[in-house]
């Protein structure tokens, strides 16, 4: 039953949220050649989009019930799907091909060499490996340590308060908990969202939140695989994925519950999209870059500084006149703030003071 | 040059061996043990100036324990690209600007924590392979294009295997806590002393995995029954019972699990900076107080009777460590050394 609930959450935030994101992305990037990789971006965007919506809802209209908040998120997703209805069939086609290709692994119809030429096959392969290694057991474990529990507790408290408030000291007198984190709300709000779904079913555990670590780690690998295969070749792409997985740092980041795979995903994509923008400036795709950079900042303080560096990079390296570049940068700044980094401005003015407060070790 | 380009396998084998030897020397230097160094710095592997520079500021390339050894190879490509900056395409120039600026940011602001370097690790790996691919594609080294990734993969597998099967076993933490576990303390009023015999490296690895993924008592009670010593359940059960009995509250040393897994009221403290966090903000516990005064402050003013902590954190601050040893009794401890202490009551 716990796993059934996990599937429901995945279908809602990653499935419907992913479809909503895919609809917008395919509207912005019309090249059908990119559909597969857009699908991968969209899956990652779903949960982040949900956390952004719930952030604004809890900030502007607090104290509603979980069902109302989730209904508004669903409505928002559905309205995004209406942006490009054609995306539904493409999205479903890709999902279907994942299952069809997944079955070929058992039929051994393709040679091993051919097998790796298809990103979908690799997706299924990695998922199977993960299942073999017992994702169930990993998810059923209790989380030790400090950092991630700090986020989880904060997310849990936001769920109970049904509000996001900015205060000088994020202290909860009832239990004595003091949130010492400096970073944005995108990651803790994933716990809040999960608790809201649990609230509807009157039970549930933090399996969805835990599964995000592995999910974003694998998703990033697949995107790297896709692009490196396209620009180099399949052997290089496969080697890069293996080298990443064989480094203790990356391996730990996708197996040990933490914020790292989530923030790395958004940082890496903002890096990629910045280079694409510099190569070929495109106002439509600037929205996507801004979302990735904004979410990267909304997830972790480091992402805020990086989004400033990205802004500087866009301004310095786009080969257009100064007026175009200024407009481009202005739009980027507004969107990045809108997509989450406004949190830090409010926190500096009305809250803890962010990095300007006394705490400097987190 | 012509003969080299004709024998890529032989040349790459020789280069690989030389690279492994060089990286092994660097690895040995940068992971050497320093006696009597600050435990916090030792934990972060930045306790000497050279370690601070290479493992800290330049951690992206030299923290081999976390990122493997291949990142060392990025350095010559990076130097070459910077020197040829003007000849690069626009997006390549932008890449260098972004990469170097972010690298500097991470080096300066996150030198103490390899997780910050991890941010740019996927980009570094792609950059390395792209540089090699570009180099071998556009020169007389074309015959190398196919073979190089296999050799890089081999080096990667070699170091991964080494890390798993050799280093874990020799790591002092696992040696002490997993392969030669000692426990002494009072459990439910009974003095317990036991010692676990040494185990194989594979068993140590298994224990390490269990250790870093503690069983969740909410879902997996069987695991707790089978392996009670690995579980935090007994500590949380004690804390909850304690709370129900309206006993004195707990001070948690930077372990928020107490808030997530129980609903008790606990005082938040971090020994690394000797700071208490509460409605008054943050202030030191031990500054200008001796052990007796700290004890009185905790028990009388803050109504604290117990301390929940993680053993490695205790050593971050000598005063806190000595307070635990002198003024407290260890009443519970699990495998991963999460500990519950009771502050000794003053004799009447």
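Protein chains in written order, with my numbering: chain B, -7 to 354; chain F, 7 to 354. Heads up, the beta-carbon is just placed ideally off N, CA and C, and yes, glycines get one too. On a predicted model such as this, the values are computed, not experimentally measured, just so you know.
**Prompt:** What are the uninterrupted segments assigned as alpha helix (DSSP H) that are 4 or more residues long and contained completely in the region 263 to 304 of chain B, given in chain order?
**Reply:** 275 to 291
**Item:** Bounding residues of the alpha helix (DSSP H) (the contiguous stretch that carries residue 121 (chain F))
**Value:** For residue 121 (chain F), the enclosing alpha helix (DSSP H) stretches over residues 120 to 124.
**Request:** Using three-state DSSP, classify residue 316 (chain F) as helix, strand or coil.
**Result:** DSSP places residue 316 (chain F) in strand when its eight states are reduced to three.
**residue 283 (chain F) - partner residues in DSSP beta bridges** = F:274, F:288
**Message:** Between residue 310 (chain F) and chain B, is any beta-carbon pair separated by less than 8 Å?
**Reply:** no
**Message:** Could you tell me the alpha carbon to alpha carbon distance between residue 352 (chain F) and residue 247 (chain F), rounded to whole angstroms?
**Reply:** Rounded to whole angstroms, residue 352 (chain F) to residue 247 (chain F) spans 23 Å at the Cα level.
**Prompt:** Which residues in the same chain have their Cβ closer than 7 Å to the Cβ of residue 179 (chain B), if we skip the five residues on either side of it in sequence?
**Reply:** 143, 251, 254, 291
**Request:** Tell me, please, which residues DSSP counts as bridged to residue 258 (chain F).
**Result:** F:274, F:314
**Asked** For residue 142 (chain B) and chain F, any beta-carbon pair shorter than 8 Å?
**Response** yes
**Request:** Could you list the residues in the region 246 to 274 of chain F with a C-beta less than 8 Å from some C-beta on chain B, going in chain order?
**Result:** 255, 260, 261, 262, 263, 265, 266, 267, 269, 270, 271, 272, 273, 274
**Asked** Nearest to residue 45 (chain F) by CA position, among F:292, F:278, F:349, F:311, is which residue?
**Response** F:278
**Item:** Inter-residue CB distance, residue 321 (chain B) and residue 303 (chain B) (contact presumed, cutoff 8 Å)
**Value:** 6 Å
**Item:** Cutoff 8 Å: residue 152 (chain F) Cβ touching any chain B Cβ
**Value:** yes
**Item:** Cross-chain neighbours of residue 121 (chain F) in chain B, by beta carbon under 7 Å
**Value:** 252
**Message:** Taking only three categories from DSSP, how would you classify residue 345 (chain F)?
**Reply:** Strand, per DSSP.
**Prompt:** Taking the alpha carbon of residue 339 (chain F) as the point to measure from, which residue in F:318, F:129, F:326 has its own alpha carbon closest?
**Reply:** Ranking the options by Cα distance to residue 339 (chain F), first place goes to F:318.
**residue 20 (chain F), buried or exposed, once every other Cβ within 10 Å from all chains shown has been counted against 16** = exposed
**Asked** What's the call for residue 121 (chain F), buried or exposed, on a 16-neighbour Cβ count within 10 Å?
**Response** buried
**Item:** Nearest-angstrom Cα separation, counted from residue 164 (chain F) out to residue 333 (chain B)
**Value:** 42 Å
**Request:** Can you pull the chain B residues whose beta carbon is under 7 Å from the beta carbon of residue 155 (chain F), in chain order?
**Result:** 227, 228, 231
**Asked** Mind pulling the alpha helix (DSSP H) runs of 4 or more residues that sit fully within the region 11 to 62 of chain F?
**Response** 14 to 36, 45 to 49
**Request:** Tell me where the alpha helix (DSSP H) around residue 232 (chain B) begins and ends.
**Result:** 226 to 237
**Own chain partners of residue 270 (chain B) with C-beta closer than 6 Å, once the 5 adjacent residues on each side are dropped** = If we look at residue 270 (chain B) and ignore the five residues flanking it on each side, its Cβ neighbours are 309, 310.
**Request:** Determine the direct distance from the alpha carbon of residue 129 (chain F) to that of residue 260 (chain B), and round the result to whole angstroms.
**Result:** 7 Å
**Request:** With distances taken Cα to Cα, identify the nearest neighbour of residue 242 (chain B) among B:-4, B:210, B:0, B:338.
**Result:** Ranking B:-4, B:210, B:0, B:338 by Cα distance to residue 242 (chain B) puts B:210 first.
**Request:** Using alpha carbons as the reference points, say which of F:286, F:244, F:102 lies closest to residue 170 (chain B).
**Result:** The shortest CA-to-CA distance from residue 170 (chain B) to any of F:286, F:244, F:102 is the one to F:286.
**Cutoff 8 Å: residue 152 (chain B) Cβ touching any chain F Cβ** = Answer no: the Cβ-Cβ gap between residue 152 (chain B) and chain F never drops below 8 Å.
**Message:** Strictly under 8 Å for the Cβ-Cβ distance: is residue 339 (chain B) near chain F by that measure?
**Reply:** no
**Message:** Closer than 7 Å between beta carbons: that is the criterion. Which residues of the region 285 to 297 of chain F meet it against chain B?
**Reply:** 285, 287, 288
**Prompt:** Can the beta-carbon of residue 125 (chain F) be found less than 8 Å from the beta-carbon of residue 256 (chain B)?
**Reply:** yes
**Item:** Simplified DSSP assignment, three categories, for residue 253 (chain F)
**Value:** coil
**N-terminal and C-terminal residue of the beta strand (DSSP E) that residue 339 (chain F) is part of** = Boundaries of the beta strand (DSSP E) around residue 339 (chain F): 334 to 339.
**Prompt:** Is the shortest distance between the beta-carbon of residue 24 (chain F) and the beta-carbons of chain B less than 8 Å?
**Reply:** no
**Message:** Going by DSSP in three states, residue 188 (chain F) sits in which element: helix, strand or coil?
**Reply:** Legend: pLDDT at residue 188 (chain F) = 44, less than 50; position of this residue unreliable, no value from coordinates given.
**Request:** Kindly list the residues whose CB is nearer than 7 Å to the CB of residue 79 (chain F), restricted to its own chain and excluding five residues on each side of it in sequence; keep chain order.
**Result:** 134
**Item:** For residue 305 (chain F) and residue 5 (chain B), the rounded distance between their alpha carbons
**Value:** 47 Å
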